[in-house]
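J.:
Residue numbers (my numbering): 2 to 434.
Right, dumping it as structure tokens:
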């Protein structure tokens with residue numbers, strides 16, 4: 002998400018969000034946002050990000066996506082595009098896809114691999130797109146209260162896209178899903194919290210829990226080192242987004258790279274805490290397994306009926322981006338033609354399965370590899386906290402899960418931590434395989 006910077010918050014006394022799209026005030030806000038971006042963007046960009054290509058060939062755009070110029074109320078000033086398979090069945094499911102910063106609907110469509118499975122399984126893909134009018138770096142404004150509340154701003158615009166898809170394409174409003182990368186992943190959290198009555202499931206890729214940031218300063222802290230709250234506190238933020246809603250709550254898949262230096266991996270743990278608590282579950286997984294060609298570690302949290310309602314997928318060896326696996330195999334997808342689509346595992350394949358869009362009525366139960374070694378990390382206390390393996394309170398550091406005391410919160414104290422089961426860390430100095 003902030004391989005580019007979030008836009009500057011609206012100063013006190015400014016006009017309401019709906020009035021910021023034009024006129025002198027809009028130009029002033031955009032200039033402020035550009036100044037912030039120029040001042041801090043270089044520090045936030047990953048290696049090579051400055052040279053990332055976002056060119057959009059006109060012929061590819063016309064052939065791949067349909068621009069919807071009028072889809073009803075659009076208080077967030079977003080663009081709507083649709084990928085419609087040649088053989089779209091009646092009452093088809095729909096997946097809403099939200100791009101990352103500096104990207105566009107076309108870039109996300111070209112590289113994420115979602116269209117492969119839309120063709121294969123017959124569902125509509127709605128690509129929402131933000132612009133530099135909203136945010137200098139084309140990030141969804143996941144941290145701006147005027148864009149993250151039910152009935153307001155960008156969140157309301159995305160909701161209206163779903164309503165338009167229902168009337169224009171006859172999609173099944175009981176099978177609406179949402180997914181996104183980075184700022185789009187954080188906006189996925191927004192949509193699941195603000196509209197749990199609309200979305201049956203979501204997949205957050207390198208994103209952030211709902212309710213973490215409320216302005217540009219707090220947004221940076223959410224991204225890195227991340228914010229540690231109790232599961233109950235995170236869950237309350239979701240419930241407060243739509244007071245009175247009693248469920249059923251959306252199912253949520255969480256994807257994060259182990260080496261993400263932009264959005265700290267601890268955000269995957271906080272997202273897990275948020276949504277397991279919303280579903281009334283504990284934070285110890287009911288099933289674990291490895292998936293894909295790179296042995297992505299999957300942890301599942303099950304409802305009473307045995308359904309996986311929260312899933313965490315930790316992708317080894319990758320940084321900030323959407324995992325893809327270019328190729329023509331059944332479990333392959335995507336392209337690496339632009340920044341932040343990383344050759345690893347086809348996340349869209351597994352997300353489509355989690356959404357239940359692959360034709361199977363019951364997901365296959367995973368099998369724990371009997372000889373899978375425990376995961377171990379040796380790092381200083383600062384890095385353990387940043388990676389989400391430990392928490393800090395009063396300047397002291399404690400291992401997540403076990404609560405073991407690691408010492409002072411600094412870069413001088415080093416420990417080896419072993420993770421077993423997923424999300425539970427114990428001190429293993431000198432004894433970890």
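For every residue, glycine included, the Cβ atom is placed at its ideal position computed from N, Cα and C.
#1: Between which residues of its own chain and residue 110 is the CB-CB distance below 7 Å, once the five residues before and five after are set aside?
#2: If residue 97 and residue 159 are in contact, beta carbons under 8 Å, what's the gap, nearest whole angstrom?
#3: Would residue 92 and residue 172 be called neighbours here (beta carbons separated by less than 9 Å)?
#4: Between the segment 67-82 and the segment 288-307, can you find at least three pairs of beta-carbon atoms closer than 8 Å?
#5: Can you tell which of 344, 279, 418, 184 has its C-alpha closest to the C-alpha of residue 318?
#6: Under a three-way DSSP split, which group does residue 207 fall into?
#7: Once the 5 residues before and after residue 18 are set aside, which same chain residues still bring their CB inside 6 Å of it?
#8: Look up residue 384 in the DSSP assignment and say whether it is helix, strand or coil.
#9: Measuring straight from C-alpha to C-alpha, what distance separates residue 120 and residue 427?
#10: Mind checking whether the beta-carbon of residue 335 lies closer than 8 Å to any heavy atom of the ligand NAP?
#11: If you follow the beta strand (DSSP E) that residue 180 is part of, which residue opens it and which one closes it?
#12: Which same chain residues, not among the five before or five after residue 355, have their C-beta less than 8 Å away from its C-beta?
#13: By DSSP, does residue 255 sit in helix, in strand, or in coil?
#14: Tell me which residues share the same chain as residue 353 and place their Cβ nearer than 6 Å to its Cβ, disregarding the 5 neighbours each side in the sequence.
#15: Quick one: complete beta strand (DSSP E) runs, 3+ long, within the segment 272-312?
#16: With DSSP collapsed to three states, give me the class of residue 326.
#17: Where are the alpha helix (DSSP H) runs, 4 residues long or more, that stay fully inside the segment 215-242, in chain order?
#18: Give a yes or no on whether the minimum CB-CB distance between residue 135 and chain C is below 9 Å.
#19: Would residue 422 be called buried (16 or more neighbouring beta carbons within 10 Å of its own) or exposed?
#20: By the 10 Å Cβ neighbour count, where 16 or more other Cβ atoms means buried, how is residue 68 classified, buried or exposed?
#21: Report the rounded CA-to-CA distance for residue 265 versus residue 197, giving the unit in angstroms.
#22: Between the segment 225-239 and the segment 271-280, do at least 3 Cβ pairs fall closer than 8 Å?
#23: I need the DSSP call for residue 164, collapsed to helix, strand or coil.
#24: Please classify residue 280 as buried or exposed, where buried requires at least 16 neighbouring CB atoms within 10 angstroms.
#25: Return the bridge partner residues of residue 314 from the DSSP annotation.
#26: Apply the 10 Å Cβ neighbour rule to residue 286 and answer buried if 16 or more other Cβ atoms are within range, or exposed otherwise.
T.: Taking the coordinates as given:
#1: Start at 1 with the first residue of the chain shown, and residue 110 comes out as number 109. Closer than 7 Å at Cβ, skipping near neighbours: 65, 66, 84, 116, 128.
#2: Position 96 of the chain shown, counting from 1, holds the residue named residue 97. Position 158 of the chain shown, counting from 1, holds the residue named residue 159. Yes, they are in contact, since the Cβ atoms of residue 97 and residue 159 sit about 6 Å apart, within 8 Å.
#3: For the purposes of this step, residue 92 is taken as the residue at position 91 of the chain shown. For the purposes of this step, residue 172 is taken as the residue at position 171 of the chain shown. Yes, the pair counts as a contact, with Cβ atoms nearer than the cut-off.
#4: Fewer than three pairs of CB atoms, one per stretch, sit closer than 8 Å, so the segment 288-307 makes no contact with the segment 67-82.
#5: Residue mapping note: residue 318 aligns to position 317 of the chain shown, counting from 1. Among 344, 279, 418, 184, the Cα nearest to that of residue 318 is on 344.
#6: Position 206 of the chain shown, counting from 1, holds the residue named residue 207. For residue 207, the secondary structure class from DSSP, reduced to helix, strand or coil, is coil.
#7: Position 17 of the chain shown, counted from the start, is the residue given in the question as residue 18. Residue confidence for residue 18 is low, a pLDDT of 37 falling below 50, so the modelled location carries little weight; the figure read from the coordinates is stated next. Closer than 6 Å at the Cβ level, and outside the excluded window around residue 18, lie 147, 154.
#8: Along the chain shown, read from residue 1 onward, the residue named residue 384 stands at position 383. Looking at residue 384 - three-state DSSP - the assignment turns out to be helix.
#9: For the purposes of this step, residue 120 is taken as residue 119 along the chain shown, with counting starting at 1. For the purposes of this step, residue 427 is taken as residue 426 along the chain shown, with counting starting at 1. If I take the Cα positions, the gap works out to 45 Å.
#10: Here there are no bound small molecules, and the ligand NAP is not part of this structure.
#11: For the purposes of this step, residue 180 is taken as residue 179 along the chain shown, with counting starting at 1. Here the beta strand (DSSP E) through residue 180 covers 177-182.
#12: Taking the chain shown and counting its residues from 1, the one referred to as residue 355 is at position 354. Taking C-beta separations shorter than 8 Å and ignoring five residues to either side along the sequence, the partners of residue 355 in its chain run 202, 204, 252, 254, 309, 312, 364, following chain order.
#13: In the chain shown, counting from the first residue as 1, residue 255 sits at position 254. Of the three classes helix, strand and coil, the one that applies to residue 255 here is strand, per DSSP.
#14: Numbered from 1 along the chain shown, position 352 holds the residue referred to as residue 353. Correct list, in chain order: 118, 359.
#15: 288-292, 297-303
#16: Start at 1 with the first residue of the chain shown, and residue 326 comes out as number 325. Reduced to three states, the DSSP call for residue 326 is strand.
#17: 217-224, 232-242
#18: Given the protein chain composition of this structure (a single chain), no chain C is represented.
#19: The count along the chain shown starts at 1 and reaches residue 422 at position 421. It is exposed - the Cβ of residue 422 has fewer than 16 other Cβ atoms within 10 Å.
#20: For the purposes of this step, residue 68 is identified with residue 67 of the chain shown, where counting begins at 1. Per the 10 Å Cβ criterion, exposed.
#21: Within the chain shown, the letter at position 264 stands for residue 265. Within the chain shown, the letter at position 196 stands for residue 197. Rounded to the nearest angstrom, the two C-alpha atoms are 26 Å apart.
#22: yes
#23: Here residue 164 refers to the residue found at position 163 when the chain shown is read from its first residue. Residue 164: helix per DSSP, three-state reduction.
#24: Position 279 of the chain shown holds residue 280. Buried, because 16 or more other Cβ atoms sit within 10 Å of the Cβ of residue 280.
#25: Within the chain shown, numbered from 1, the residue matching residue 314 stands at position 313. Residue 314 pairs with 256, 299.
#26: Residue mapping note: residue 286 aligns to position 285 of the chain shown, counting from 1. Buried, because 16 or more other Cβ atoms sit within 10 Å of the Cβ of residue 286.
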